[in-house]
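Everything in the sequence shown is counted per the numbering used here, starting at 1 for the first residue and increasing by one.
Even for Gly, the Cβ is constructed at its ideal location relative to N, Cα and C.
Since the model is a prediction, treat every value here as computed from it, not as a measurement.
These notes are about the structure you will find just below.
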Amino acid sequence: MEKKKTLLQKIIKTVLVIFGLVFVAYVAYFMHTYRQIQKGELVKFQGHWYTPEQLREFLPPQYAELKEPVNTVEEVYTNFREALLAGEIEKALGYIKEEKRVEFRNDFNNEDLLKEYKKIPSFEDLTKEGDGSLDNLSQNYRYYENKKDLPYYVGFEVNQISAEWEITGL
């Protein structure tokens, strides 16, 4: 009977030692992970923990990493206006942001609306509104035919893939 007690005691001691070692390992891992989080070496994103290097691998580039625009707002507007006045609708649509082209194509197919669009002023008659966006990737201009009328607005935005200015609204 004593042999059974000593054997049982040895088993219990072994199990307790194993549980103790697992507990110590868990606490050590927790403390190491906690220090990594405090130092910024681990970041939680969408419910998972990542290192900053892992995040950079699968997140898109930020605005600061984009190229400078390859054209100017003035070039885009002038080319758009010239194409529109010449009746080259598809060429004019090429200067408009892709998401807005269907809407403008429909407007340009309406003769009455097209006549109104052809009245747009030259770039020199537009006044820049504000300093643009904080990241300088969008700009707005306005034009008053006379002080009693509502202003005519033109919006521009940089295409983040081609790095070209596009018209976002007229």
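Residue interval of the beta strand (DSSP E) (run including residue i)
i, result
"Q160", "Run containing Q160: none; DSSP gives neither H nor E here."
"Q139", "S138 to Y143"
"F171", "Here the chain has residues from 1 to 170 only, and residue 171 is not among them."
"E129", "T127 to E129"
Contact check, residue i vs residue j, beta carbons under 8 Å
i, j, result
"Y153", "T127", "no"
"I167", "K97", "yes"
"W165", "V43", "no"
"Y95", "F108", "no"
"E129", "N140", "yes"
"E68", "A163", "yes"
Boundaries of the alpha helix (DSSP H) in which residue i is found, first to last residue
i, result
"K118", "From DSSP, K118 is part of no alpha helix (DSSP H); its letter is neither H nor E."
"E53", "P52 to F58"
"K10", "E2 to K39"
"E103", "R101 to N109"
"Y77", "V73 to L85"
Residue i versus residue j: straight-line alpha-carbon distance, rounded
i, j, result
"V24", "K13", "16 Å"
"P52", "K39", "11 Å"
"K100", "M31", "53 Å"
"Y172", "G20", "Since the displayed the chain opens at 1 and closes at 170, residue 172 lies outside it and no answer follows."
Status (buried if at least 16 other CB within 10 Å, exposed otherwise) for residue i
i, result
"L134", "Here the model assigns L134 a pLDDT of 49, short of 50, so the residue's position is not dependable and the matter cannot be decided."
"V158", "buried"
"L113", "exposed"
"F45", "exposed"
"V73", "buried"
"T6", "exposed"
"N110", "exposed"
Segment contact, 8 Å Cβ cut-off, at least three pairs: the stretch 110-126 with the stretch 69-86: yes
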